[in-house]
Amino acid sequence: MAGPSLTTVSRGILAGVVLSAVMVYAAGTSGMEKNDATKRKEPGKMSVKVEPFGKTQSAQQVDIVTLTNSAGLRARITNYGGILVSMETPDRQGKLDDIVLGFDNLDDYLKPHPCFGATIGRYANRIGGAKFSLDGREYKLAANDGANHLHGGVKGFDKVVWKIEKAQAGDDRAELKMSYTSSDGEEGYPGNLKCIVTYSLTADNKLEIKYEATTDKPTVVNMTNHAYWNLAGQGNGDILGHELMINADKYTAIDSGGIPTGEINSVENSPLDFTKSETIGSRIKESDRGYDHNYVLKGNLGQMKLAALVYEPRSGRVMEIQTTEPGVQFYSSNWLDGSLKGKQARVYKKHYALCLETQHYPDSPNKADFPSTVLQPGEKYETLTVHAFSTK
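Convert by adding 11 to the 1-based position in the sequence shown; the result is the number in my numbering.
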């Protein structure tokens, strides 16, 4: 700072010298920063890309939407069935791989398959006897799982074309919003049900799936996503070496048809106990054909809570699932038998994936003691499930 003895002229000269020096320094450092930047890998931007994916048998146009975050993670979703087609995440070495089972093209999704990556509704999981009563009236549903109703019926939400409402990227997320209106009487359910599913891939490596619905008549609703996960990479062996923790010390007991008996049992001293991280294959032979059970999550209904934590030791990939739902169905892909070829022509065999379907409990419409799945006119159904990806 100039001293008090300087004249006005000398102050101006000094200021000019200082300013020139600053400009020279700034120009020099600017060049240095530019050169350094060319050596560093700059982070990418959030992006969304919408492309044609084909047409249904009734000539409906179907698209596929790619969500990419600034770290390079990529989720691909088609509006046919609201299906999560792929989810690419890095291993501990930074190598990206697709960690969900599925197909490379729409034609294979149009053929029978076990709901790979699909949005499930109106009612995920089973309803016993393919019927339920509401306000004194019985509603009969399609019996598409023996005598029971499974995953919304013959043509559930996994087999319809959703309308793309929004596909855009912001500073912290890339987002796809889709809608579908299930008409009154569709698959036997009452009420016109207006549904919205929103997929968001965030800058902090999370895949969020939000479900919303409103109705004009009393009805039941229970939506989920049926992704088949393999953190070693899709088609890259079985998941028996994955380590799993489920935030539940109870489960809904079931009969031979997979329908809850109404009892809620403890997992203690059973192969269903994943309260601490356990290798999936360590006790799977003790659980009959494998795992296909609804776990009663700890935490409050409607509030975000930990559902499950999965770790794959070879790749180092970690997936943490949080949800507002009261339950999660752990399914160890017991019915995959090698007859299906998926992406990159890889064969999907028994236990080649695990499903962690956040949900209300199976057969809740027929179980008064279970958390209610009834939606009334004027109410809004809204749930959120978040998959956080990392490595260790």
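C-beta atoms are modelled at their ideal positions from N, C-alpha and C, and glycine is treated no differently.
Taking the beta carbon of residue i as the centre, do at least 16 other beta carbons fall within 10 Å, making it buried, or is it exposed?
i: PRO388; result: exposed
i: TYR392; result: buried
i: GLN245; result: buried
i: ASP404; result: No information on residue 404 is available, as it lies outside the stretch 12 to 403 that the chain covers here.
i: PRO101; result: buried
i: GLY353; result: buried
i: THR147; result: Rather than Thr, the amino acid found at residue 147 in this sequence is Gly. By the 10 Å Cβ count, GLY147 comes out exposed.
i: ARG328; result: buried
i: GLY39; result: Confidence in GLY39 is poor, its pLDDT being 39 and thus under 50, which makes the residue's placement unreliable; the coordinate value appears in the next sentence. Label assigned to GLY39: exposed.
i: ARG137; result: buried
i: ARG133; result: buried
i: GLU149; result: exposed
i: ASN311; result: exposed
i: THR61; result: According to the sequence displayed, residue 61 carries Val and not Thr. Classification for VAL61: exposed.
i: VAL307; result: buried
i: GLU297; result: exposed
i: GLN68; result: exposed
i: ALA141; result: buried
i: ASP118; result: exposed
Does DSSP put residue i in a helix, in a strand, or in coil?
i: GLN71; result: coil
i: SER293; result: helix
i: PHE127; result: coil
i: TYR120; result: helix
i: GLU390; result: coil
i: GLY199; result: helix
i: ASN377; result: helix
i: ALA364; result: coil
i: ALA82; result: coil
i: PHE422; result: Because the chain here runs from 12 to 403, residue 422 falls outside it and cannot be looked at.
i: GLY169; result: Correcting the residue type first, residue 169 is Asp in the shown sequence and not Gly. Three-state DSSP puts ASP169 in a helix.
i: ALA135; result: coil
i: GLY248; result: coil
i: ALA318; result: strand
i: LYS403; result: coil
i: GLY273; result: strand
i: ALA153; result: coil
i: SER288; result: coil
i: VAL232; result: coil
i: ALA264; result: strand
i: HIS369; result: The identity of residue 369 in the sequence shown is Thr, whereas the question assumes His. Strand at THR369.
i: LYS106; result: coil
i: LEU255; result: strand
i: SER298; result: coil
i: GLU99; result: strand
i: ARG325; result: coil
Could you tell me which residues DSSP pairs with residue i in its beta bridges?
i: ASP303; result: TYR342
i: TYR359; result: LEU351
i: LEU187; result: ALA178, TYR210
i: PHE114; result: None; PHE114 has no bridge partner.
i: TYR222; result: VAL208, THR394
i: LYS142; result: LYS151
i: LEU312; result: The partner list for LEU312 (beta bridge, DSSP) is empty, contrary to what the question assumes.
i: GLN333; result: LEU317, VAL397
i: TYR91; result: VAL172
i: SER58; result: THR79
i: ASN159; result: ASP156
i: PRO382; result: Its beta-bridge partners do not exist; DSSP assigns none.
i: SER193; result: LEU204
Could you round the C-beta distance between residue i and residue j to whole angstroms and report it? I think they count as a contact, below 8 Å.
i: ALA86; j: LEU218; result: 6 Å
i: THR384; j: VAL232; result: 6 Å
i: ILE250; j: ALA364; result: 6 Å
i: GLN370; j: GLU336; result: 6 Å
i: ALA319; j: MET234; result: About 18 Å separates the two Cβ atoms, so there is no contact after all.
i: LYS239; j: CYS366; result: The amino acid occupying residue 239 in the given sequence is Tyr; Lys does not appear at that position. About 6 Å separates the two Cβ atoms, so the contact holds.
i: PRO324; j: GLU254; result: 7 Å
i: ASN80; j: ASN216; result: 7 Å
i: ASP195; j: LYS174; result: Going by Cβ atoms, the distance from ASP195 to LYS174 rounds to 19 Å, so no, they are not a contact pair.
i: VAL76; j: LEU187; result: 5 Å
i: THR286; j: GLY252; result: So it is not a contact: roughly 20 Å between Cβ atoms.
i: THR192; j: LEU386; result: With 8 Å as the limit, THR192 and LEU386 do not qualify as a contact, their Cβ atoms being about 14 Å apart.
i: ASN305; j: GLY338; result: 5 Å
Taking 6 Å as the cut-off, is the beta-carbon of residue i closer than that to any non-hydrogen atom of the ligand NAD?
i: ALA141; result: Looking for the ligand NAD in the displayed structure turns up nothing, as the structure carries no ligands at all.
message: I'd like to know if the stretch 363 to 383 and the stretch 266 to 286 are in contact, where contact means that at least 3 CB-CB pairs between them fall below 8 Å.
response: yes
message: Under 8 Å, with one C-beta from each stretch per pair, do the stretch 166 to 183 and the stretch 201 to 216 reach the 3-pair mark?
response: yes
- request: Indicate whether the contact test is met: 3 or more Cβ pairs, each with one atom in the stretch 179 to 190 and one in the stretch 55 to 66, closer than 8 Å.
  value: yes
query: If you pair each beta-carbon of the stretch 254 to 264 with each one of the stretch 154 to 162, do three or more pairs fall below 8 Å?
result: no
- prompt: Is there contact between the stretch 340 to 356 and the stretch 109 to 121, where contact requires at least three CB pairs shorter than 8 Å?
  reply: yes
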